Each structure stands twice: as structure tokens, then as C-alpha cells.
Amino acid sequence: MVHARRTPERLSAFSDGVFAVLITVLVLELRPPEIPTFTALLALWPTWLSYAVSYVFIAIVWANHHHLMRYASEATPRLMWFNFAHLFSVSLLPLSTAWMAVSELAPQPVAFYAAVFFLVNASYVALIWDLVGRAPPSEVSPRDRSIMRIRSVVTLGIFAAAAGVALKFPILGLAMCCGCLIVYLKPEPSGAKDGTPVDGGE
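Residue numbers (numbering that gives the first Met the number 0): 0 to 201.
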């Protein structure tokens, strides 16, 4: 008996649900100050900074994941496991965020935070190689493939370096992570729109 092709819509819907839960958990970690003053509120700046960076990070990860899943034509076992690895790494973000906030940006929690960024990006690289690597040239031009792969590998190295730097200079390590997020604000490679090849391909 021939089985029907496994469409990726269910996989995408499940992933969207996980991202929504993670943002909810992130928000629930916020606690108001015990003293009802603006000074007490401002004293919690490590918590607010950690939350803001993590919220933006999850939003960027979701946007890039959403963009990448458009290239999926079938939910293959490899794609499903790569996607679960990606979701697992993102699920570590609330824990690392809470630890970094409570420690007030101490070196080891920030290093762990950067390591989580590394894991998220590493699993995203796996998704790129699986989905973009199998996409026909009519959907992804060679130039776009090259940009996506180079961008992901370079930022992967920066996240790894940030984890090491954070052990000595936590603020600098966190700044390196934030800098990497900028290049992912636009999921499409530079010059491409909605997955259309920039070289005029079909």
C-alpha cells in the first residue's frame, strides 16, 4: 500500500504553537519589584534587558523559521528531526534568560545564554542545508543559497566566540549576540523578495 505524501503544514502548525508557548513562558518569568517605586523598577534593568533580547530573538527565529518552511514540500523524517532539534534549542531560552536575569548578567549565565544562541543557529543551519539544499533553482538561486549559508555559518562562529568572550566580558558577549540578530531581521537574502531569485530565474 502506497502512503500519501506527508505535507509540512502540520509540522509548521506545531512549530508555531511551540513558539507561542515559549513567548508565554518568557512573559510569565517577569516579576514586578516589591517596592512600588520607579527606582525599584529601574533596578531590575538586567531582567528587562534579558527579556527584551529574548523576545526579539524568538520573534526573529520564528520569522526565519516561517520563511524557511516555505521551501518544504514534504515532511520527511530528517526534516522532522531537524525541526525538533531546532525547537529543543529554542525551548532552552526561557531557562537561560531567567538565569541571566537573576544573576544580573554574570559571566557564566551570559556564556550559557550565548551557547543557547549557538545551538539555535546550529539547528537552523541544519534546516537550511536540508530545505534550501533540496530546493530547485527556480525557487532559490545559487546566489541566495550562498548568502544564506555564509550568513548562517559566520553568525554561528560569532555566537561561539560570544560564549567564550562572555566568560570574561559578559556585556560584550551579549552585545555580540545582539549584533548577530541584526543580520536575521530580514529572512530573505539581500535583494530577494518572497523567495524569488535575484538573478531573474524562473
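Glycine residues also receive a C-beta, built at the ideal position from the N, C-alpha and C atoms.
Keep in mind it's a predicted model, so treat the numbers as computed, not measured.
Can you tell me where the alpha helix (DSSP H) holding residue i begins and where it ends?
i, result
"residue 70", "Element bounds for residue 70: n/a, residue is neither H nor E."
"residue 134", "Looking at the DSSP string, residue 134 is not in any alpha helix (DSSP H), and its letter there is neither H nor E."
"residue 20", "8-27"
"residue 105", "First-last for residue 105: undefined, no H or E at that position."
"residue 41", "37-41"
"residue 76", "76-90"
Determine the closest residue to residue i out of the options, with distance taken between C-alpha atoms.
i, options, result
"residue 89", "102, 59, 181 and 75", "59"
"residue 17", "87, 128 and 113", "87"
"residue 184", "44, 34, 49 and 63", "63"
"residue 139", "188, 36 and 12", "188"
"residue 134", "72, 34 and 44", "72"
"residue 51", "6, 15, 152 and 28", "28"
"residue 144", "162, 177 and 128", "128"
"residue 7", "155, 75, 136 and 142", "75"
"residue 101", "164, 47 and 146", "47"
"residue 204", "40, 36, 33 and 158", "Because residue 204 is not part of the residues shown, which for the chain are 0 to 201, the question remains open."
"residue 117", "70, 172, 33 and 142", "172"
Between residue i and the rest of its own chain, which residues show a CB-CB distance below 8 Å, the 5 nearest in sequence each way excluded?
i, result
"residue 92", "21, 25, 53, 56, 57, 115 and 119"
"residue 123", "60, 63, 64, 67, 85 and 151"
"residue 81", "122, 125, 126 and 129"
What residues in its chain sit with their C-beta under 7 Å from that of residue i, if we drop five residues either side in the sequence?
i, result
"residue 111", "95 and 98"
"residue 180", "55, 56 and 59"
"residue 11", "68"
"residue 77", "129"
"residue 186", "62, 63 and 66"
Leaving out the 5 sequence neighbours to the left and right, which residues in its chain are closer than 6 Å to residue i when beta-carbon positions are compared?
i, result
"residue 67", "126 and 130"
"residue 169", "104, 106 and 109"
For residue i, which of helix, strand or coil comes out of DSSP?
i, result
"residue 146", "helix"
"residue 123", "helix"
"residue 183", "coil"
"residue 157", "helix"
Use the C-beta contact count for residue i: other C-beta atoms within 10 angstroms, 16 or more gives buried, fewer gives exposed.
i, result
"residue 19", "exposed"
"residue 13", "exposed"
"residue 154", "buried"
"residue 161", "buried"
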